[in-house]
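Chains W and C are the protein sequences, given in the same order. For what it's worth, my numbering labels the leading residue of the first sequence as 28, then goes sequentially. For what it's worth, my numbering labels the leading residue of the second sequence as 3, then goes sequentially. We put the beta carbon where it would ideally sit given N, CA and C, even for glycine. Source: prediction; values computed, not measured. Working notes for the structure below.
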Amino acid sequence: NAGVTQTPKFQVLKTGQSMTLQCAQDMNHNSMYWYRQDPGMGLRLIYYSASEGTTDKGEVPNGYNVSRLNKREFSLRLESAAPSQTSVYFCASSEPPGNEKLFFGSGTQLSVL
Amino acid sequence: KNEVEQSPQNLTAQEGEFITINCSYSVGISALHWLQQHPGGGIVSLFMLSSGKKKHGRLIATINIQEKHSSLHITASHPRDSAVYICAERNIVRGNQFYFGTGTSLTVIP
């Protein structure tokens, strides 16, 4: 049982390049999330998906797109990377309301030069 | 403004000491979570609380609903407890999303 698998672990991009962060969970969770973590700030929600086929913007969605490919997979795409997107990114999934423990991927450290 | 506030931001303790980390949160939560982030970066969920107290090994989490306050206690601290501890609320008034504190960085010295 792998939990939440997130790739890649590290990535360096040049300004304007694109990339996709991949996330998959094997716990049959409906809800999946993408967060970014910056120094001195709490984790901030970029996008979330409450169920397969639905996605919604979070607190900081600008410059990102997401795809909920199926119940297992939720990807995050940077179409044209900017230095302000240098951050650590975490994918997470949660159990249904009432028992909503959060499970996190191992994180992606992204640097945009 | 972050609605979830933690204190202290940094904490250094001697091995064996009793440690308390505090968290204040906002109105309308369905649950309060404590998370641990290890130096390698991975985040694991320690506790989810909606009332009372929970214990797991040397870790104890409490919540006071009236005061909108939660504490994480570590008894007989050990160097392997060194990590960042994050408080998070799931807020049903604010879109039923998770909101996170900035974390408390704990270092336990042998």
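What does the Cβ neighbour count give for residue i, buried or exposed, with the cut at 16 atoms within 10 Å?
| i | result |
| --- | --- |
| GLN68/C | exposed |
| SER121/W | buried |
| HIS1/C | The structure shown does not extend to residue 1/C, since chain C spans only 3 to 112, so no value can be given for it. |
| ASN93/C | buried |
| VAL110/C | buried |
| ALA109/W | exposed |
| GLN11/C | exposed |
| SER138/W | exposed |
| MET68/W | exposed |
| HIS58/C | exposed |
| GLU106/W | exposed |
| THR14/C | exposed |
| ALA119/W | buried |
| ARG63/W | buried |
| VAL6/C | buried |
| THR135/W | buried |
| ALA90/C | buried |
| VAL39/W | exposed |
| PHE117/W | buried |
| GLY105/C | buried |
Taking DSSP as the reference, what is the three-state secondary structure of residue i?
| i | result |
| --- | --- |
| SER111/W | helix |
| ARG99/W | coil |
| ASP83/W | strand |
| ARG71/W | strand |
| ARG96/C | coil |
If contacts are defined as beta-carbon pairs under 8 Å, then residue i and residue j qualify, I think. What distance do you get, rounded to the angstrom?
| i | j | result |
| --- | --- | --- |
| LEU61/C | ILE45/C | Actually they do not touch by this definition, with Cβ atoms about 15 Å apart. |
| HIS80/C | GLU17/C | 6 Å |
| SER80/W | MET54/W | It is worth fixing the name first, because residue 80/W is Gly in this sequence and not Ser. The Cβ separation is near 18 Å, so there is no contact. |
| GLY97/C | GLN8/C | Their Cβ separation, rounded to whole angstroms, is 22 Å, which puts GLY97/C and GLN8/C out of contact at 8 Å. |
| TYR75/W | SER102/W | Rounded, the Cβ-Cβ distance is 13 Å, inconsistent with contact. |
| LEU72/W | GLY85/W | 3 Å |
| SER47/C | LEU70/W | About 13 Å; that fails the 8 Å criterion. |
| LEU74/C | ALA63/C | 5 Å |
For the segment 94-124 of chain W, list every residue whose C-beta sits within 9 Å of some C-beta in chain C, in sequence order. VAL115, PHE117, ALA119, SER121, PRO124
Residues within the segment 61-74 of chain W neighbouring chain C, beta-carbon criterion of under 7 Å: Using a CB distance below 7 Å, the part of the segment 61-74 of chain W facing chain C consists of GLY67, MET68, GLY69, LEU70, LEU72, ordered along the chain.
Could you tell me which uninterrupted alpha helix (DSSP H) segments, each at least 4 residues in length, are contained entirely in the segment 15-74 of chain C, listed from first to last along the chain? none
For the segment 15-44 of chain C, which residues have a beta carbon sitting closer than 9 Å to at least one beta carbon of chain W? Flagged, chain order: SER32, ALA33, HIS35, LEU37, GLN39, GLY42, GLY43, GLY44.
Could you list the residues in the segment 79-98 of chain C with a C-beta less than 8 Å from some C-beta on chain W, going in chain order? So the list reads ILE88, ALA90, ARG92, ASN98, given in the order they occur along the chain.
Proximal residues, the segment 126-140 of chain W versus chain D, C-beta separation under 9 Å: Chain labels in this structure do not include chain D; the protein chains are W and C.
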